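Visitor: Under the UniProt record's numbering, the very last position in the sequence shown is 518; numbers go up by exactly one each time.
Sharing a structure with you now.
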Amino acid sequence: MDPAYAFDENDEFVPRLIRDYEVNDDYTEWTFTLTEHGEWSDPYGAMTAEDWVYSITEILQGEDNWANASMADDWRMSVDEVPDGFEAADEDGEQAWFNVEETGEFEFTVEMPLPFPGFLEEPILWGFQEVIPKDLAEEFVEDQDGDAMNEDDEIQELSYTGNLGAFTVEVLEIEARMNATRNDDYYLRNYDGFEDAPVIEEWTYQVMSEESTRLSALQSGEITHSGVPPRRAEEFDDDIDDVNIFENPTVYCQSMFYNMRDDGWEGLQVPEVRQALTMAVDREELVEEVQYGYATVAHTLSPEYSDFYDNSEVVEWDYDPDAARQQLEDNLPSPYGYSDDRVVDGDGEEVVLNFVFSDSADDTELTARIIQEEMDEIGLEVELDEVPWNTMLDDYLYKEAGEAQEWDFMSGIGRNAYPRAPEATEGFWRPGESANGYGYDDPHGVADMLSDAARMADADERQSQLAEVFGILSEDQPWNFLYFPEDIEGYRDHVEPSEDSSISWEYDINRWEIEQEQ
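Quick look at the structure:
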């Protein structure tokens, strides 16, 4: 099923199920126009605004989040007081639901109590696929039975999607294989430039857990496309004639979190100490040794290609172990200090920090080992603790201090920078939010600045505010921002993409030229 809309490589709006939009001058009312050619599978008929409004208001905004919808928080906002005409979204009256109303057969309006200029770019309606036919949803809504809805075969198998996607799913084996055939009734074929979409006749997605198996299949032509790890990218690009490599920037920042909670090492609560640790890490080496050059060094939670990144605001902590060692010594909190070039506590015992990292990728372990060696150079003993991904989240990051497993550093979590709408990162910095599991106390009010920026109707004012946020984060170093990796995609050479490399890669895949391989 297609998303509501997409963005192209130039961040321009690309119509899909939503064909057009309008917004009022103060960004409090957005009106969306749907395609008139959308059809659900039998017996549900035409896709209309009624379906969209029902899915949003009765499921995503449902009472007590009965559907356990992950997007429920996206359809409300914080307010000082709930304005007339809006409903409170919490018991304290500190949040208000958006008003979502059907204003035509194929038109609906989203009204907010405060300006929201970044609404289009935030992952709320952008990429939205949570709409289902009203007639299908009604029984679950009436019973408020989220489990039944989420386990329903028709919903699980996407058999309700009619002509709303380029392909019709024929075989779906969860975590194994999906096979889909060309949807000749695809709604998008009613629009100029898409008369033959999709060009691809059949789409098969197959899980190949072994990297070597996957890459051998790409090389032999058994499969058409696969991601390629950085260490193999040059080989495929230079030595394998039948495969083309495409490098795309990503939105995910690979970082090392510092535990600034009460159960972490006290030194990590001192900004100057965190700055010293950042200077101790050679991020250029990580880019070369871990990512084989397919990444860019990060200085803050924003890639440099973002419109909101401002070099004049961002502080860059260059690799300098001598300066790092001196700054660490000058700023260690009492009773810590140096003895025989090692960091020790008040009893003269060497400080040992615990570096927990995910076992999900070899790159993460290599990163941890490099950082361990670099910390040793400035006198810090670091022990490595490799754990499963879910364990790291559940038992270390998200469990409250005092109940969590011991940790001081953490890596293996790539956080989305949301370069089109950075306000979406507010929860990373707000004290008390689950996403801020590392205990950043936000002394400069970054979370509030992001919240305020989200309501700024003046584009220049918003730009300036967000640039300042990224400057503060670069100086305060709540994380050691390491790098933004690139996605490396390999395709057989009979595939001709119709778009340039970007974070929106494959937004136009239904018009890619796929020739018959010789």
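Note that CB positions come from ideal geometry on N, CA and C, so glycine has one too.
Computed from a predicted structure; not experimentally measured.
(1) Please identify the residue among 6, 213 and 244 whose C-alpha is closest to the C-alpha of residue 492.
(2) From the DSSP output, in three-state form, read off residue 389 for me.
(3) Which runs of the beta strand (DSSP E) at least 3 residues long sit entirely within the region 273-333? Give them in chain order.
(4) Following the continuous alpha helix (DSSP H) through residue 224, name the residue where it begins and the one where it ends.
(5) Thinking C-beta only, is residue 440 closer than 8 Å to residue 478?
(6) Rounding to the nearest angstrom, what Cα-Cα distance links residue 287 and residue 186 in this structure?
(7) Considering only residues of the region 46-109, which uninterrupted alpha helix (DSSP H) runs meet the minimum length of 4 residues and lie entirely inside it, listed in chain order?
(8) Could you tell me which whole beta strand (DSSP E) segments of length 3 or greater appear in the region 379-453?
(9) Determine the direct distance from the alpha carbon of residue 160 to that of residue 5, and round the result to whole angstroms.
(10) Could you tell me whether the Cβ atoms of residue 256 and residue 324 are closer together than 8 Å?
(11) Specify, as a first and last residue, the run of the beta strand (DSSP E) that residue 178 falls within.
(12) Hey, residue 81 and residue 99 are a contact pair by Cβ (cut 8 Å); roughly how many whole angstroms apart?
(13) Looking at residue 467 and residue 237, is the spacing between their C-beta atoms short of 8 Å?
(14) Per DSSP, which residues does residue 6 bridge with? Please list them.
(15) Confirm, please, whether the CB-CB distance from residue 446 to residue 413 is below 8 Å.
(16) Below 8 Å on the Cβ atoms is my guess for residue 104 versus residue 49; work out the distance and round it to an integer in Å.
(17) In the DSSP assignment, find the unbroken beta strand (DSSP E) run with residue 150 in it and report its ends.
(18) Per DSSP, residue 30 is paired with what?
(19) Taking C-beta to C-beta, are residue 167 and residue 182 nearer than 8 Å?
(20) Specify, as a first and last residue, the run of the alpha helix (DSSP H) that residue 139 falls within.
(21) Can you tell me whether residue 350 is helix, strand or coil according to DSSP?
(22) What are the start and end residues of the alpha helix (DSSP H) that includes residue 375?
(23) Can residue 157 and residue 169 be called in contact, C-beta distance under 8 Å?
(24) Does DSSP put residue 236 in a helix, in a strand, or in coil?
(25) Can you tell me the Cβ-Cβ gap for residue 512 and residue 199, rounded? I've got them flagged as a contact below 8 Å.
(26) Since residue 206 sits in a beta bridge, which residues does DSSP pair it with?
(27) Please name the residue, chosen from 155, 192, 145 and 206, that lies closest to residue 173 on a Cα-to-Cα basis.
(28) For the region 211-222 and the region 326-333, state whether three or more C-beta atom pairs, one from each stretch, are separated by less than 8 Å.
(29) Compare the Cα-Cα distances from residue 290 to each of 33, 455 and 371 and report the closest residue.
(30) What is the C-beta distance between residue 101 and residue 420, in whole angstroms, given that I count them as a contact (C-beta under 8 Å)?
(31) So the candidates are 474, 23, 241 and 316; which of them puts its Cα closest to the Cα of residue 444?
(32) Does DSSP put residue 455 in a helix, in a strand, or in coil?
(33) Looking only at its own chain, which residues have a Cβ that is under 7 Å from the Cβ of residue 339, when we skip the five neighbours before and after it?
(34) Please report how far the alpha carbon of residue 63 lies from the alpha carbon of residue 341, in whole angstroms.
(35) If you drop the 5 nearest sequence neighbours on each side, which residues of the same chain put their C-beta closer than 8 Å to that of residue 155?
(36) Please report how far the alpha carbon of residue 123 lies from the alpha carbon of residue 350, in whole angstroms.
Guide: Straight from the coordinates:
(1) The candidate whose alpha carbon is nearest that of residue 492 is 244.
(2) helix
(3) 295-297
(4) Segment: none, residue 224 is in no alpha helix (DSSP H) and carries neither H nor E.
(5) yes
(6) 43 Å
(7) Within the region 46-109, the complete alpha helix (DSSP H) segments at least 4 residues long are 49-54, listed from N- to C-terminus.
(8) With a minimum length of 3 residues, the unbroken runs of beta strand (DSSP E) contained wholly in the region 379-453 fall at 381-387 and 409-416.
(9) 19 Å
(10) no
(11) 177-182
(12) Not confirmed; about 16 Å, so no contact.
(13) no
(14) In DSSP, residue 6 forms a bridge with 14.
(15) Their beta carbons are not under 8 Å apart, which means residue 413 does not touch residue 446 by this criterion.
(16) 6 Å
(17) No beta strand (DSSP E) holds residue 150; the alpha helix (DSSP H) holding it covers 146-151.
(18) Residue pairing for residue 30: DSSP places it in a beta bridge opposite 23 and 110.
(19) yes
(20) 134-143
(21) strand
(22) Per DSSP, residue 375 belongs to the alpha helix (DSSP H) from 362-377.
(23) Yes.
(24) helix
(25) 6 Å
(26) BP columns for residue 206 point to 177.
(27) Of 155, 192, 145 and 206, the residue nearest in Cα terms is 206.
(28) no
(29) 371
(30) That pair is no contact at about 26 Å.
(31) Measuring C-alpha to C-alpha distances from residue 444 to each of 474, 23, 241 and 316 identifies 474 as the nearest.
(32) In this structure, residue 455 counts as coil in the three-state DSSP scheme.
(33) 348
(34) 59 Å
(35) 132, 136 and 149
(36) 46 Å
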